[in-house]
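Novice: Handing you a structure now.
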RNA sequence: GAGGUUGUAGCUCAGUUGGUUAGAGCGCAAGUUUGUGGCACUUGAGGUCGUGGGUUCGAGACCCAUCAUCCUCCCCA
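Residue numbers (our numbering): 1 to 454.
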């Protein structure tokens, strides 16, 4: 028998952890619902075509591909071998793999919208809470299977959507108690303007990739990388000016106007940031011109939620506007904007900062002691009564020493026990004990109601 | 994909320059206590030292390989 184990980067979640995770899911879900978003689910796997080429070159490598079934069929051996040769050259071959685990929720959503745009009422606001998979190397805050909670609005260009999404971030993190978060925003239009201004519109991706690393590797290394990517000194000087902008959000907007306001696309980007900054009125909102985000389908405002600086986890959510996402699937002119929460990282942050409230751990509210065959019949009937009133309770599975039953309640963090022994049966009563305070009283069984156990 | 770390009881970890029967704390089980838990005390169960090979009279320790793990880079949630 081989030792049991888990695939790298995946985890089991025990009861306590699931409760804490659900607390996060429920908070996010209720805020999404509060803002008028509707739920959607898509399959764990997609056709490989749907995913490939949507996440950049690096992204393609991180997609988990699923090996086709039936490759052992002797009739197909020759073809399979030929296909495998192509795989060794780094190509994807339908003969071997035509499905893959989904990498994020946005592209499957775009695929869904493209397939159903005739039936949907626009603007369509959907939220989606599902696992995604990445063939990444696991490390701190990084898993191969993790959950994303996405909210997107498609079919609307209104900046109101961006404002709403910013507020969703704020509401969720505030409710969860993650008050030290920072919501960074930028506009891809400014990055486009910068690239155009530098005379290298086609260099936009090179530029964004490089400046995205600023806080990690520092200005000098960014300049080095820009040079490596083929930019000349004059262009790099302009980018340096762009990166040097600091101050309050208002200061930054003023300075960026001076630098890029003369370009139409630059002016548009500035307007976007101004609007979101002014209307959302979130304290933790930071305009950050170095924010670039890797996904190359963003075209307008981009978001990144950063964990409090004390926990070195970095991004706990991100998103942005994409003007033509479904265009990739043959349905042009459906603009959208969306955000995503990384639950697994939010969990790690909350664990580290001890932000889970006490009540999260409570499952069963009342444990009925089992003191013998006869006694337990009364206990069972009483328990069923309480369950009808919505009280979560259980009867100890066998007659055992009270010691043992108390310990069981203690371990499961059960707040109350009800003891019904031979004496109590005679008087039709039960002993109700509060395990937190140690207080107990003997009450008629008829008086046991849900109000007692809150 | 590149680099590094660690692997000893269910968990967290000790284990000296290589030396006889591998330890502790927590947890678990039983008891002190046959109707009142958490505390205390007593007793007990539990380890092919990740795996395979090598060096040695002798390996948990040294060497090689391998697997797993965690971390860093890349990229991301």
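Note that the Cβ used here is the ideal one computed from N, Cα and C, for glycine as well.
Can you tell me whether DSSP reads residue 364 as helix, strand or coil?
Specialist: Coil at residue 364, not helix or strand.
Novice: Inspect the CB distances between the region 344 to 360 and the region 301 to 313 and report whether three or more fall short of 8 Å.
Specialist: yes
Novice: By how many angstroms is the C-alpha of residue 414 removed from the C-alpha of residue 441?
Specialist: Taking the straight line joining both Cα atoms gives about 17 Å.
Novice: With distance defined between alpha-carbon atoms, name the residue in 128, 114, 47 and 124 nearest to residue 96.
Specialist: 47
Novice: Can you name the start and end residues of the alpha helix (DSSP H) that residue 339 belongs to?
Specialist: That residue, residue 339, is in no alpha helix (DSSP H); its beta strand (DSSP E) goes 336 to 342.
Novice: Where does residue 303 land, buried or exposed, given buried means 16+ other C-beta within 10 angstroms?
Specialist: Taking a 10 Å sphere around the C-beta of residue 303, we find 16 or more other C-beta atoms and assign the residue as buried.
Novice: Buried or exposed for residue 366, going by 16 or more other Cβ atoms inside 10 Å?
Specialist: That one is buried.
Novice: Rank 141, 229, 291 and 252 by C-alpha distance to the C-alpha of residue 202 and give the top, closest one.
Specialist: 229
Novice: In terms of residue numbering, what span does the beta strand (DSSP E) encompassing residue 146 cover?
Specialist: 145 to 154
Novice: Rounded to whole angstroms, what is the Cα-Cα separation between residue 272 and residue 35?
Specialist: 21 Å
Novice: Could you tell me which of 123, 139, 226 and 140 sits nearest to residue 160, measuring between CA atoms?
Specialist: 123
Novice: If you follow the beta strand (DSSP E) that residue 444 is in, where does it begin and where does it stop?
Specialist: Run containing residue 444: 440 to 444, per the beta strand (DSSP E) assignment.
Novice: If you draw a straight line from the alpha carbon of residue 134 to that of residue 265, how long is it in whole angstroms?
Specialist: 34 Å
Novice: Please state whether DSSP places residue 100 in a helix, a strand or coil.
Specialist: strand
Novice: To which residues does DSSP link residue 38 through a beta bridge?
Specialist: 126
Novice: Please report the distance separating the alpha-carbon of residue 1 from that of residue 13.
Specialist: Reliability of the predicted coordinates at residue 1 is poor, the pLDDT of 46 falling under 50, and no value is obtained from them.
Novice: Rounded to a whole number of angstroms, what is the C-alpha to C-alpha distance between residue 378 and residue 389?
Specialist: So the two alpha carbons sit approximately 17 Å from each other.
Novice: Quick one: residues in its chain with C-beta nearer than 6 Å to the C-beta of residue 319, no 5 flanking neighbours on either side, listed in chain order?
Specialist: 303, 338, 339 and 340
Novice: In the region 223 to 250, which residue ranges form an unbroken alpha helix (DSSP H) of at least 4 residues, counting only runs that do not cross its ends?
Specialist: 233 to 243
Novice: When DSSP builds the beta bridges, which residues end up paired with residue 434?
Specialist: Bridge partners of residue 434 according to DSSP: 416.
Novice: If I'm right that residue 445 touches residue 399 with Cβ under 8 Å, what's the distance once you round it to whole angstroms?
Specialist: Not really, about 19 Å apart at Cβ, beyond 8 Å.
Novice: Run the CB neighbour count on residue 217, radius 10 Å, all protein chains shown included, and call it buried at 16 or more, exposed below.
Specialist: exposed
Novice: On a Cα-Cα basis, can you pick out the residue from 436, 280, 314 and 416 that is closest to residue 459?
Specialist: Residue 459 lies beyond the residue range present for the chain, which begins at 1 and ends at 454; the question has no answer from this structure.
Novice: Count the C-beta pairs between the region 316 to 335 and the region 155 to 172 that are closer than 8 Å, then say yes if the count reaches three, no if not.
Specialist: yes
Novice: For residue 245, tell me which candidate among 68, 262, 214 and 313 has the shortest Cα-Cα distance.
Specialist: 214
Novice: Roughly how many angstroms lie between the CA atoms of residue 241 and residue 93, to the nearest whole one?
Specialist: Separation of residue 241 and residue 93 (C-alpha to C-alpha, rounded to the nearest whole angstrom) is 46 Å.
Novice: If you follow the beta strand (DSSP E) that residue 321 is part of, which residue opens it and which one closes it?
Specialist: 315 to 322
Novice: Considering only C-alpha positions, which residue in the set 222, 197, 235 and 198 is nearest to residue 209?
Specialist: 222
Novice: Please return the same chain residues whose Cβ sits closer than 8 Å to the Cβ of residue 270, not counting the five positions on each side in sequence.
Specialist: 187, 190, 253, 256, 257, 260 and 261
Novice: One question on the structure: do residue 169 and residue 132 come within less than 9 Å of each other, judged by their Cβ atoms?
Specialist: When the beta-carbon positions are compared, residue 169 and residue 132 stay at least 9 Å from each other.
Novice: Any idea which residues DSSP pairs residue 429 with across the strands?
Specialist: Within the DSSP secondary-structure output, residue 429 pairs in a beta bridge with 444.
Novice: Just to confirm, is the Cβ distance from residue 25 to residue 343 under 9 Å?
Specialist: yes
Novice: Quick one: grab the DSSP three-state call for residue 204.
Specialist: helix
Novice: How far does the alpha helix (DSSP H) with residue 86 in it extend, from its first residue to its last?
Specialist: 77 to 88
Novice: Output the boundary residues of the beta strand (DSSP E) element that contains residue 111.
Specialist: Segment 106 to 116 is the alpha helix (DSSP H) holding residue 111; no beta strand (DSSP E) there.
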